[in-house]
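Asker: I am attaching a structure below and will ask some questions about it afterwards.
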Amino acid sequence: MKKYLTIIFIILFSGLILAADALYLPNLGSSARMIALGNIDGFSRSSNAIFENPACLYRINNYSASIFATKLFDEVSYKSLSFGVRTDYGVFALGYMAAEVSGIPHTGLAISGNNNRSFFVDYYFKYDNWLAKLGHQLTLFENVYIGTALNYYENSMDGYKGRGFNMDTGAFLDWQPVQISVVFKNIMYFS
503 MKKYLTIIFI ILFSGLILAA DALYLPNLGS SARMIALGNI DGFSRSSNAI FENPACLYRI
563 NNYSASIFAT KLFDEVSYKS LSFGVRTDYG VFALGYMAAE VSGIPHTGLA ISGNNNRSFF
623 VDYYFKYDNW LAKLGHQLTL FENVYIGTAL NYYENSMDGY KGRGFNMDTG AFLDWQPVQI
683 SVVFKNIMYF S
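Counting from 503, one number per residue, gives the positions in the sequence shown under our numbering.
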C-alpha cells in the first residue's frame, strides 16, 4: 500500500519540480483585504476568490463584483477586476488582473570621432502583464467545496510578446471553527 501511495504522490507532484519562479500577478494581492492579511490567500469572501482559491467562490450568495487598483513604487499601475454569479449549476466567475509600466526608455550608444561614448534615449516603450480567469465552483458535500479556474496569461514588452494558459484547482473545507483551504496553482506543468 505504501508503494502505491508513494507512486501516486510522485505523479501528482512531479510537475512542481519543473516549475519556474516568475512574476505571478495574484502574488501581488487580489484585494486590499488579502494584502492586509499578509498575502494569505484562499479565504476570500467575494468574487476575487477566483485569483486565490476558486473553491471559495461558494460564499457568493447571488452575485459579487470586486474592483481593486493601486500604483506600486509610483511606476507600476496594478488593477484587479472580478465578477461572480451563483446559478443552479454552481458558481461561475470571471477575473482580470493587469500590471503595467509605461515610459521605459530604450537607450542607444553614440560614439563620436574622438571615441567618446554617450548614451541617448532612442524611444520609450511599455511593459504589460495580464491574466484572465474563468472559474467554476461546486459543492461536493455539506461544508466541502471544490473549484477550478482556467487561466490565460499574456506578457508584452518592447515588441516581444508571450502567451500561455494553465489551470488552478482547489478545495475548501468549512468545519467551523476550523477552515482549511487547499489550492494547486498552474497544475498543467507542460503548459
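Backbone N, C-alpha and C fix where the C-beta goes; we use that ideal spot for every residue, glycine too.
Note down the Cα distance separating A557 from F667, rounded to an integer number of angstroms.
Answerer: On the sequence shown, position 55 is the one that residue 557 refers to. On the sequence shown, position 165 is the one that residue 667 refers to. Approximately 20 Å between the Cα atoms of the pair.
Asker: Quick check: the segment 546-555 against the segment 574-592, are there 3 or more CB pairs under 8 Å?
Answerer: Yes, since at least three Cβ pairs between the segment 546-555 and the segment 574-592 fall closer than 8 Å, the two stretches touch.
Asker: Checking 9 Å against the spacing of the C-beta atoms, do A634 and N653 come in under that value?
Answerer: Numbered from 1 along the sequence shown, position 132 holds the residue referred to as residue 634. Numbered from 1 along the sequence shown, position 151 holds the residue referred to as residue 653. Cβ atoms of A634 and N653: closer than 9 Å.
Asker: If you run the structure through DSSP and keep just helix, strand and coil, what is E577?
Answerer: Sequence index remark: in the sequence shown, residue 577 carries index 75 (1-based). Coil.
Asker: Let me know if Y560 comes out buried or exposed under the rule of 16 or more other beta-carbons within 10 Å of its beta-carbon.
Answerer: Position 58 of the sequence shown holds residue 560. Classification of Y560: buried, given that the 10 Å Cβ count is 16 or more.
Asker: Is the beta carbon of S568 less than 9 Å from the beta carbon of S582?
Answerer: Counted from its first residue, the sequence shown places residue 568 at position 66. Counted from its first residue, the sequence shown places residue 582 at position 80. Cβ distance < 9 Å, so S568 and S582 count as in contact.
Asker: So, for D660: in the same chain, excluding its five sequence neighbours on each side, which residues have a beta-carbon less than 7 Å away from its beta-carbon?
Answerer: The residue you call residue 660 lines up with position 158 of the sequence shown. Once the five neighbours on either side are set aside, the close Cβ partners of D660 are H608, F627.
Asker: I'd like to know whether the C-beta atoms of L636 and F594 end up nearer to each other than 9 Å.
Answerer: Here residue 636 refers to the residue found at position 134 when the sequence shown is read from its first residue. Here residue 594 refers to the residue found at position 92 when the sequence shown is read from its first residue. Cβ atoms of L636 and F594: closer than 9 Å.
Asker: Who are N631's beta bridge partners in DSSP?
Answerer: What you label residue 631 is simply residue 129 of the sequence shown in a count that begins at 1. DSSP, once it has assigned bridges, lists A601, N657 as partnering N631.
Asker: Can you round the beta-carbon distance between L631 and A651 to whole angstroms, since I take them to be within the 8 Å contact cut?
Answerer: As a position in the sequence shown, residue 631 is number 129, starting the count at 1. As a position in the sequence shown, residue 651 is number 149, starting the count at 1. A small correction: the amino acid at residue 631 is Asn; Leu does not occupy that position in the sequence shown. In fact, because the Cβ distance is near 18 Å, the residues do not count as touching under 8 Å.
Asker: Could you tell me the boundaries of the beta strand (DSSP E) in which A673 lies?
Answerer: For the purposes of this step, residue 673 is taken as residue 171 along the sequence shown, with counting starting at 1. Taken as a continuous stretch (DSSP letters only), the beta strand (DSSP E) holding A673 covers 662-677.
Asker: Measuring only the C-alpha atoms, how far is Q681 from N645?
Answerer: Here residue 681 is taken as the residue at index 179 of the sequence shown, counted from 1. Here residue 645 is taken as the residue at index 143 of the sequence shown, counted from 1. Roughly 10 Å separates the two Cα atoms.
Asker: Alpha carbon to alpha carbon, what distance is there between T671 and M690?
Answerer: As a position in the sequence shown, residue 690 is number 188, starting the count at 1. As a position in the sequence shown, residue 671 is number 169, starting the count at 1. When rounded, the distance between both Cα atoms is 11 Å.
Asker: Which residue wins for smallest C-alpha separation from L574, given the options L596, Y591, E602, S566?
Answerer: Counting from 1 along the sequence shown, the entry for residue 574 is found at position 72. Looking at the Cα atoms, E602 is the closest of the given residues.
Asker: With a Cβ-Cβ cutoff of 9 Å, do G592 and L640 count as a contact?
Answerer: As a first step, residue 592 is located in the sequence shown; it is residue number 90 there, counting from the start. As a first step, residue 640 is located in the sequence shown; it is residue number 138 there, counting from the start. Yes; because the gap between Cβ atoms is below 9 Å, this pair is in contact.
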